[in-house]
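2 protein chains.
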Amino acid sequence: MHPFRAFIHNYEYLPEQVWHSIEPHLTVHNYDAEYPILKEGQICRHLYFLESGILRYFINNEGLEICKFFTQAPYCFTSQYSFLNQVRASENITSITLSVIWSLPRDIAFEFLKEPSWAAFIRKLTNEVQYLTEELLLASQSKTAEDRYKLMLTEESELITKVPMKYIASFLGIAPQSLSRIRKNVSLSHLLT
Amino acid sequence: MHPFRAFIHNYEYLPEQVWHSIEPHLTVHNYDAEYPILKEGQICRHLYFLESGILRYFINNEGLEICKFFTQAPYCFTSQYSFLNQVRASENITSITLSVIWSLPRDIAFEFLKEPSWAAFIRKLTNEVQYLTEELLLASQSKTAEDRYKLMLTEESELITKVPMKYIASFLGIAPQSLSRIRKNVSLSHLLT
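As structure tokens, then:
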């Protein structure tokens with residue numbers, strides 16, 4: 001089964017004929033690490049499915065890159081506001097590792113909302129993304145950078161091993177040196193327990 | 194026009210017959226300030242429309258209330274994860290001011306997704322909530338509490354006048370004393386410009 005269809009089935013069963021109408025519109029891309037999939041100022045015209053790899057979303061804040069979040073395969077992604085409103089994106093999406101990505105044109109993604117199964121998949125996925133964003137917001141409001149790093153260690157251990165420390169530090173809103181200190185503390189407390 | 198229908202029309206036109214099918218399921222509530230609309234541990238069984246008033250979402254974090262965000266009328270709200278998955282809410286929703294709220298049972302909100310106009314309204318609203326949450330996350334990652342407070346002053350000036358300072362401090366992730374200092378700085382810099 002196509003990896004995108006298998007992913008959709010985690011949310012909603014997509015009947016054969018709906019899938020066969022969508023599939024011809026998919027294009028596959030093999031990107032190197034650090035490939036800019038979307039740059040700030042461009043208009044996002046696709047819904048993407050990340051079959052393998054890891055991405056980072058970031059913005060430029062007075063010359064400093066701020067990492068918003070990471071997307072780890074398999075998952076869907078887009079630059080939501082730009083995609084929905086066809087305005088210039090204020091964010092960048094870049095691959096961190098080698099990535100295999102499928103793109104679906106925006107008009108097709110919208111056209112198929114008339115199909116209840118596709119509409120239900122999009123609704124459930126959007127709800128999940130909303131929930132995950134809310135969780136990140138809550139963590140940034142209620143936890144220290146050290147506690148958030150420890151949470152990533154337990155809940156996203158694979159991500160931690162593959163993402164350069166400078167991006168994780170940026171995501172946690174701290175300097176790379178502070179993250180080094182936190183990592184030393186965490187290693188030390190592991191040795192002591 | 195019913196205020197909820199007028200609100201929906203900001204996103205999508207709802208035909209007369211769809212509205213007349215939904216309307217009988219709406220119940221109005223007049224709540225005092227500090228009324229607990231949803232408590233942590235309860236299951237959220239309604240989609241709500243806040244006709245007037247202001248709400249706060251908060252969680253209890255080791256005895257400390259952390260304010261996630263505010264909802265200002267007119268807007269829709271629910272405890273999304275609890276509402277969608279019918280599990281116990283991990284958050285509280287409480288009125289800050291006198292509030293007029295309409296509730297719609299969850300099964301009705303779902304049943305009407307078969308109506309394209311209602312489905313489009315829900316989709317657009319969910320996308321907007323996702324965008325706003327992402328903006329809050331980005332602000333918490335890239336701005337100081339002082340800059341975020343200044344942003345609230347310009348973009349949410351009405352909210353600032355109506356919400357007790359202790360809740361704004363909690364939302365900004367700082368102590369009330371720190372917010373007092375920031376407010377003094379801001380007043381002083383206003384006097385100097």
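Those protein sequences? They're chains A and B, same order as listed. First residue of the first sequence: 1, per my numbering; consecutive thereafter. First residue of the second sequence: 194, per my numbering; consecutive thereafter. Backbone N, C-alpha and C fix where the C-beta goes; we use that ideal spot for every residue, glycine too.
Short Cβ contact (8 Å threshold) for residue i with residue j
i      : j      : result
B/T271 : B/Y250 : no
A/L50  : A/S103 : no
A/L14  : A/F110 : no
B/S288 : B/G234 : no
A/L136 : A/F69  : yes
B/R299 : B/R238 : yes
B/P309 : B/F200 : no
B/Q265 : B/L365 : no
A/L113 : A/A119 : yes
A/Q131 : B/Q273 : Gln is not the amino acid found at residue 131 of chain A; the sequence shown has Tyr there. Yes, these two residues count as a Cβ contact at 8 Å.
B/C260 : B/Y360 : yes
A/T133 : B/T326 : yes
A/S142 : B/N254 : yes
B/S333 : A/S140 : yes
B/F197 : B/L219 : yes
B/I236 : B/I301 : no
B/R316 : A/R183 : no
Endpoints, the beta strand (DSSP E) within which residue i is located
i      : result
B/K232 : Unbroken run through B/K232: none, as it is neither H nor E.
A/F69  : L64 to Q72
A/S157 : Counting along the chain, A/S157 falls outside any beta strand (DSSP E), though it belongs to the alpha helix (DSSP H) covering S157 to K162.
A/Y31  : T27 to Y31
B/E244 : H239 to S245
B/Y268 : Y268 to F270
A/V100 : S99 to P105
B/S288 : N285 to S288
Residue closest to residue i, alpha-carbon to alpha-carbon, out of the options
i      : options                           : result
A/S170 : B/A338, B/L331 and B/T354         : B/L331
A/P176 : A/Y149, A/L153 and A/E156         : A/Y149
A/I101 : A/Y31, A/Q130 and A/T154          : A/Y31
A/E65  : A/S187, A/V186 and A/I174         : A/I174
B/H213 : B/M194, B/L248 and B/I236         : B/M194
B/I252 : B/S283, B/E227 and B/Y228         : B/S283
B/E227 : B/E205, B/T290, B/P217 and B/Q210 : B/T290
Status (buried if at least 16 other CB within 10 Å, exposed otherwise) for residue i
i      : result
B/N285 : buried
B/S382 : exposed
A/V163 : buried
B/R374 : exposed
A/N10  : exposed
A/V129 : buried
A/N185 : exposed
A/Q179 : Checking the sequence, you will find Leu at residue 179 of chain A rather than Gln. With 16 or more Cβ atoms within 10 Å of its Cβ, A/L179 is classed as buried.
A/L151 : exposed
Beta-carbon neighbours of residue i, restricted to chain B and to distances below 9 Å
i     : result
A/Y31 : Within 9 Å Cβ-Cβ: nothing; A/Y31 doesn't reach chain B, min ~23 Å.
Min CB distance residue i to chain E below 8 Å
i     : result
A/V87 : The structure shown has no chain E; the protein chains it does contain are A and B.
Listed by chain order, chain B residues near residue i by CB distance under 7 Å
i      : result
A/L84  : N320
A/Y81  : Y324
A/A119 : A312
Contact set between residue i and chain A, taken where Cβ atoms lie within less than 8 Å
i      : result
B/T326 : Q130, T133, E134 and L137
B/I252 : L138 and S142
B/I259 : L138, Q141 and S142
Contact list for residue i against chain A, beta-carbon separation under 7 Å
i      : result
B/R316 : R123
B/G366 : Q141
Element boundaries [alpha helix (DSSP H), containing residue i]
i      : result
A/F121 : P116 to S142
A/A6   : P3 to H9
B/Q210 : E209 to I215
A/Y81  : Q80 to N85
B/L365 : M358 to L365
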